[in-house]
Amino acid sequence: MVSVNGLQWLDADDDITPFAPPEQALTDPNGLLAVGGSLSPQRLTAAYRSGIFPWFSEGQPVLWWSPDPRAVFYPAEIRISRSLRKRLRRGEYRITADRAFARVITACAQTRADGLGTWITASMREAYCHLHELGVAHSVEAWYENELAGGLYGVALGRVFFGESMFSRRSDASKAAFVALARQLENWGYAMIDGQVPSRHLASLGARLMPRAQFIARLEHYCQQAEPVESWAGFGTTP
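Numbered according to this note's numbering, the sequence shown spans residues 25 to 263.
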């Protein structure tokens with residue numbers, strides 16, 4: 025491990041060296057902890073279990089983050105707006121899981137309308153598709169008339185789901201997928217959904233701010249527990 029300007033620098037061929045403690049992350053930018061390394065399943069799962077995630081743009085080395093505070097959801101406390109509740113009652117979207125992982129992450133990676141591009145690089149897509157093949161990363165899809173209208177993907181370890189990204193092609197499609205996910209996670213006995221960086225959008229869905237130290241302490245407990253479900257492919261809704 026090499027430390028430069030307060031940051032840990034990781035060797036791309038070394039997936040064994042542990043991350044520096046998250047409390048050593050920078051405050052500006054908030055949470056930047058390490059640079060470099062690989063996106064191997066071993067490195068990624070070690071990162072999530074430690075409250076760390078990758079976030080970088082095309083052309084940059086891998087950047088590893090652990091912001092303080094953290095945006096966290098409790099599955100039973102998702103906030104549903106009146107308009108979304110009406111849409112859910114109408115059964116406008118059919119919800120599935122792990123039916124179109126590659127399509128979901130590709131849609132999440134599309135250049136945004138503001139022209140600022142995306143942080144989901146080709147190497148990120150490849151890495152998370154590999155995690156999906158290993159049964160660690162999962163997608164939830166919202167379908168409208170047999171067309172993929174929205175969805176999300178993330179990583180499940182123990183009893184924690186680490187949300188990564190979502191997309192919508194129709195109104196509330198990603199929110200419908202998220203509500204279905206939260207309800208299913210609650211039924212399965214999951215403890216938390218990680219929303220990573222706090223934002224107004226996440227707060228509108230019911231995210232809480234949790235101090236990083238408390239978040240990591242909970243990960244040490246919940247990520248050690250067995251995942252309470254063997255297959256994600258069975259859950260979903262049909263209008």
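We treat Cβ as the ideally placed atom computed from N, Cα and C, and that holds for glycine.
Contacts around residue i, its chain only, beta-carbon distance under 6 Å, and the 5 residues preceding and following it disregarded
i, result
"Glu101", "Gly230"
Distance between beta carbons of residue j and residue i, contact taken as under 8 Å
i, j, result
"Pro93", "Pro222", "6 Å"
"Ile129", "Ala204", "About 18 Å; that fails the 8 Å criterion."
"Pro78", "Ala70", "About 12 Å; that fails the 8 Å criterion."
"Ser228", "Arg109", "Not confirmed; about 14 Å, so no contact."
Closest residue to residue i among the options (Cα-Cα distance)
i, options, result
"Arg207", "Arg67, Gln220 and Val164", "Val164"
"Leu112", "Gly213, Ser195, Cys247 and Tyr246", "Ser195"
"Gln249", "Ala257, Trp212 and Arg193", "Trp212"
"Arg114", "Ala200, Phe125 and Leu34", "Ala200"
"Ala12", "Ser107, Ala131 and Phe125", "Because residue 12 is not part of the residues shown, which for the chain are 25 to 263, the question remains open."
"Glu188", "Leu209, Ile217, Glu169 and Asn170", "Ile217"
"Thr145", "Leu155, Gly175, Ser228 and Cys132", "Cys132"
"Arg183", "Leu209, Cys153 and Gly260", "Leu209"
"Gly219", "Phe80, Gln32, Asp122 and Gly178", "Gly178"
"Phe186", "Phe80, Ser147, Pro99 and Leu34", "Pro99"
"Ala36", "Ala44, Ser81, Val86 and Arg149", "Val86"
Beta-ladder partner(s) of residue i, from DSSP
i, result
"Asp218", "Val96 and Phe186"
"Met234", "Arg94"
"Trp88", "Ala58 and Pro78"
"Phe191", "Gly175"
"Glu165", "Thr120 and Gly175"
Close-in-space but distant-in-sequence residues of the same chain around residue i (CB under 8 Å, 5 per side omitted)
i, result
"Trp167", "Tyr117, Arg118, Ile119, Thr120 and Ala173"
"Gly83", "none"
Close beta carbons around residue i, own chain, < 7 Å, minus the five adjacent residues each side
i, result
"Asp39", "Ser62, Ser64, Gln66 and Arg67"
"Arg73", "Leu181, Leu243 and Cys247"
"Gly30", "Leu50"
"Leu155", "Pro65, Leu68, Ala161 and Val179"
Checklist entry - Taking one C-beta from the region 75-90 and one from the region 54-63 each time, how about it: are there three or more such pairs within less than 8 Å? => result Yes, since at least three Cβ pairs between the region 75-90 and the region 54-63 fall closer than 8 Å, the two stretches touch.
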